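The structure under discussion appears below in the form of structure tokens.
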Amino acid sequence: MMVPLAKLASPVRSPRGLALQQETLSNMASERVLQPSTHLKGDWHGVKPHSFPSSWSPVGPPAHRQILDKPTAYQCFHALKIKKNYLPLCATRWSSTCKVPRITTHYTIYPRDQDKRWEGVNMERFAEEADVVIVGAGPAGLSAATRLKQLAAQHEKDLRVCLVEKAAQIGAHTLSGACLDPRAFEELFPDWKEKGAPLNTPVTEDRFGILTEKYRIPVPILPGLPMNNHGNYVVRLGHLVSWMGEQAEALGVEVYPGYAAAEILFHEDGSVKGIATNDVGIQKDGAPKTTFERGLELHAKVTIFAEGCHGHLAKQLYKKFDLRANCEPQTYGIGLKELWVIDEKKWKPGRVDHTVGWPLDRHTYGGSFLYHLNEGEPLLALGFVVGLDYQNPYLSPFREFQRWKHHPSIKPTLEGGKRIAYGARALNEGGFQSIPKLTFPGGLLIGCSPGFMNVPKIKGTHTAMKSGILAAESIFNQLTSENLQSKTIGLHVTEYEDNLKNSWVWKELYSVRNIRPSCHGILGVYGGMIYTGIFYWIFRGMEPWTLKHKGSDSDQLKPAKDCTPIEYPKPDGQISFDLLSSVALSGTNHEHDQPAHLTLKDDSVPVNRNLSIYDGPEQRFCPAGVYEFVPLEQGDGFRLQINAQNCVHCKTCDIKDPSQNINWVVPEGGGGPAYNGM
66 MMVPLAKLAS PVRSPRGLAL QQETLSNMAS ERVLQPSTHL KGDWHGVKPH SFPSSWSPVG
126 PPAHRQILDK PTAYQCFHAL KIKKNYLPLC ATRWSSTCKV PRITTHYTIY PRDQDKRWEG
186 VNMERFAEEA DVVIVGAGPA GLSAATRLKQ LAAQHEKDLR VCLVEKAAQI GAHTLSGACL
246 DPRAFEELFP DWKEKGAPLN TPVTEDRFGI LTEKYRIPVP ILPGLPMNNH GNYVVRLGHL
306 VSWMGEQAEA LGVEVYPGYA AAEILFHEDG SVKGIATNDV GIQKDGAPKT TFERGLELHA
366 KVTIFAEGCH GHLAKQLYKK FDLRANCEPQ TYGIGLKELW VIDEKKWKPG RVDHTVGWPL
426 DRHTYGGSFL YHLNEGEPLL ALGFVVGLDY QNPYLSPFRE FQRWKHHPSI KPTLEGGKRI
486 AYGARALNEG GFQSIPKLTF PGGLLIGCSP GFMNVPKIKG THTAMKSGIL AAESIFNQLT
546 SENLQSKTIG LHVTEYEDNL KNSWVWKELY SVRNIRPSCH GILGVYGGMI YTGIFYWIFR
606 GMEPWTLKHK GSDSDQLKPA KDCTPIEYPK PDGQISFDLL SSVALSGTNH EHDQPAHLTL
666 KDDSVPVNRN LSIYDGPEQR FCPAGVYEFV PLEQGDGFRL QINAQNCVHC KTCDIKDPSQ
726 NINWVVPEGG GGPAYNGM
């Protein structure tokens with residue numbers, strides 16, 4: 066049924082969802098974070114009792130309700146809308162002979178057409194038509210949207226571009242280091258200085274070092290090496306993305322934050338028709354509430370998928386169109402980040418510092434960053450990245466990060482400071498070898514969704530933006546062609562992939578293609594550094610071979626019986642912190658009474674396989690305390706408890722689960738972290 070947005074009659078039919086969205090906006094606008102409720106107790110030391118909140122209590126003054134200032138169509142769109150024991154590291158492997166408790170209630174696992182509770186519920190959806198629909202308002206999606214409207218204005222064409230974003234506010238789910246190579250940004254916004262883009266910190270000092278347990282060994286950064294940051298900017302990427310959103314809206318892009326793309330729609334000929342936003346008003350047990358609302362369908366000639374790393378819709382497209390038939394499996398890392406306000410005497414605006422080594426061993430890929438921002442206060446962005454191809458199931462990326470901060474070369478900078486924000490996200494590390502086919506009938510992939518990160522450079526924003534620009538130019542040429550011919554209803558823009566392969570993005574990724582896989586040798590990370598020095602710095606990546614990755618990250622864990630448990634020090638509450646207080650600083654919030662969006666294909670697998678063989682690695686690789694194994698209420702054994710309200714949308718569980726039993730799907734729109742300039 067086609068009904069213009071401006072004519073939809075019911076402006077507010079999901080008050081709980083709208084309240085959540087407005088609460089999140091309030092906290093973002095006040096530049097405050099959400100604090101844990103006062104009844105919470107416990108810590109996160111691996112063996113102590115602990116609990117996690119079902120909700121967060123906001124602090125700070127209420128913000129202006131931005132949604133209500135939008136045009137009618139915009140308002141209508143928005144109107145749709147731990148206390149048990151954490152297993153000891155030396156725990157005996159458990160399984161249960163009791164009936165497996167039901168964990169997953171999501172309709173993607175238990176279809177609603179087979180559920181009597183849904184009989185008689187109106188499942189009709191409104192639909193809207195656009196020329197281009199974009200999923201995800203990150204750097205890539207906003208670059209594509211902006212470039213499309215720039216071209217439309219330049220050629221005096223009327224082009225409707227709609228962009229949907231699952232975060233309650235543009236930039237609220239964005240997290241990166243970030244040290245920005247401005248090449249693509251300057252191409253898209255040549256007048257960015259006049260427009261006041263938040264690029265406030267040019268790099269003034271570039272340092273790199275190898276850490277041992279007690280010492281830092283400086284390594285010179287020679288001109289031409291990927292790590293050289295001359296000419297780059299240290300930015301708060303969430304703020305930059307928010308600014309880009311404003312530019313896109315000013316050009317006429319319809320930007321709809323707070324609504325996630327939950328479903329891909331297809332034409333009868335199999336080409337992509339568009340997307341549907343998520344339904345709202347579903348109880349935790351999967352039954353409809355009285356406030357149930359279907360999502361909205363957005364149809365387009367071309368749909369751009371810019372979901373970011375490991376997008377849940379992109380996973381479906383890989384399978385349907387066999388997009389990974391001729392590439393290697395993607396490999397990933399998890400990045401954890403904090404913002405600190407430090408002693409002004411220790412503040413060096415523009416300094417960029419990277420390290421490898423301790424506390425990781427040479428066979429575990431990873432490293433750290435520490436950036437001094439010039440944002441009007443002595444602000445420090447620091448973080449730690451761990452490759453998700455690690456082998457020891459006892460490893461906790463979060464606790465490695467906390468331990469790293471106590472290194473003698475790091476701790477003095479933080480002493481006397483205050484941590485003000487925390488977050489985490491997965492990042493693509495497969496590089497050139499893992500790029501899938503990028504186009505298919507009716508749509509295409511851009512940005513971190515397919516994965517254009519330059520791993521040794523530790524940068525992907527510039528390549529993501531360029532992919533969005535190239536996609537927009539290719540789509541515009543096809544939409545405005547007088548000789549447009551298409552074998553399918555949804556347009557197949559093959560020109561995009563050809564243009565990308567002829568761009569500097571392809572050349573850049575090809576030149577560094579062997580650096581990440583070179584770390585798999587006997588020397589580990591240090592072998593990769595030697596390889597970089599010889600084959601990249603001297604030959605610029607022109608060697609006539611291409612190395613391979615080890616395979617999928619989910620296949621790399623060794624059984625717990627073959628590994629040594631890792632004893633992590635207790636956090637001191639000044640430099641290092643427990644997980645509970647960290648998640649509180651992310652501002653994460655979800656509507657509690659909804660089905661968990663961390664779905665399990667088989668509820669028995671976490672205990673019978675993951676816990677039995679790998680000692681439950683999901684309770685360690687998750688950076689937000691979503692997964693925990695708790696004793697059964699009756700009988701012996703354990704069950705998996707999913708604290709979905711803690712999820713920071715990093716996708717690590719979907720990637721690293723050794724059974725590939727976890728499938729991350731979108732929660733109700735507006736849920737998730739509320740990052741402020743991360």
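Residue numbers (our numbering): 66 to 743. In this text, a Cβ means the ideal position worked out from N, Cα and C, and glycines have one as well. Please read these numbers as outputs of a predicted model, since none were measured by experiment.
For Glu-683, the number of other beta carbons within 10 angstroms of its own is at least 16, and it is reported as buried. DSSP, read as helix, strand or coil, puts Glu-252 in helix.
Approximately 6 Å separates the beta-carbon atoms of Lys-349 and Pro-660; this is inside 8 Å, confirming the contact. About 37 Å separates the beta carbons of Ile-523 and Ile-168, which is beyond the 8 Å limit, so they are not a contact pair. Just so you know, the alpha carbons of Glu-314 and Thr-211 end up roughly 8 Å apart. The segment 555-568 makes contact with the segment 529-542: 3 or more CB pairs, one atom from each, lie closer than 8 Å. Between Gln-621 and Gln-725 a beta carbon distance of about 13 Å is seen, past the 8 Å cut, so the two are scored as non-contacting.
Taking the Cα positions, Val-284 is about 8 Å away from Arg-272. His-220 sits exposed, since fewer than 16 C-beta atoms from the chains shown fall within 10 Å of its C-beta.
It is roughly 44 Å from the alpha-carbon of Val-450 to the alpha-carbon of Trp-183. Residue pairing of Leu-438 in beta bridges, as defined by DSSP: Leu-444. In this structure the segment 540-548 does not lie against the segment 461-468, because fewer than three pairs of beta carbons, one per stretch, are closer than 8 Å. The alpha-carbon of Gly-203 is positioned some 28 Å away from that of Ser-461.
Between the C-alpha atoms of Ile-174 and Ala-709 there is a straight-line separation of about 16 Å. Contact between Ser-641 and Leu-612 is ruled out by a C-beta separation of about 36 Å, above the 8 Å threshold. Listed in chain order, the non-local C-beta contacts of Ala-379 below 8 Å within the same chain comprise Phe-370, Glu-372, Leu-510, Ser-514, Pro-515, local neighbours out to five positions each way being set aside.
Contact holds between the segment 385-403 and the segment 615-632, because three or more Cβ pairs, one in each stretch, are under 8 Å apart.
Secondary structure note for Val-672: it is in no alpha helix (DSSP H), with a DSSP letter that is neither H nor E. Under the three-state reduction of DSSP, Pro-267 is assigned to strand.
A Cβ-Cβ contact shorter than 8 Å links Arg-490 with Cys-374. Cβ-Cβ distances below 7 Å link Lys-716 to Cys-374, His-375, Ala-491, Trp-729 in the same chain, with the five nearest sequence neighbours on each side left out; the list follows chain order.
Comparing C-alpha distances from Glu-252 to each of Phe-505, Met-530, Glu-189, Lys-502 shows the shortest one belongs to Met-530.
With respect to the C-alpha of Pro-353, the residue from Lys-411, Pro-424, Arg-177 having the closest C-alpha is Arg-177. Short of 7 Å from the beta carbon of Leu-549, and not among the five residues preceding or following it, lie these beta carbons of its own chain, in chain order: Gln-543. The residues Val-337, Lys-338, in chain order, have a CB closer than 7 Å to that of Phe-331 in the same chain once the five nearest residues on each side in sequence are set aside. Contact check for Trp-405 against Gly-482 passes: the beta carbons are separated by less than 8 Å. Residue pairing by DSSP places Arg-272 opposite Asp-418 in a beta bridge.
Contact annotation, His-655 with Pro-732: C-beta distance approximately 5 Å; criterion of less than 8 Å satisfied. A check of alpha carbon separations from Ser-241 across His-527, Gly-289, Ser-551 identifies His-527 as the nearest.
The segment 190-247 is shown to contain whole alpha helix (DSSP H) runs of 4 or more residues at 204-219, in chain order.
Residue pairing from DSSP places Glu-693 in a beta bridge opposite Gln-706.
Pairing Pro-458 with Lys-721, the inter-Cα distance amounts to about 10 Å.
If the five residues before and after Ser-474 are omitted, its C-beta is found closer than 6 Å to the C-beta atoms of Arg-281, all from its own chain and listed in chain order.
In the three-state reduction of the DSSP assignment, Ser-433 falls in the strand class.
The three-state reading of DSSP puts Thr-342 in strand, counting E and B together. Put simply, of Leu-264, His-714, Leu-676 the residue whose alpha carbon is nearest the alpha carbon of Lys-231 is His-714.
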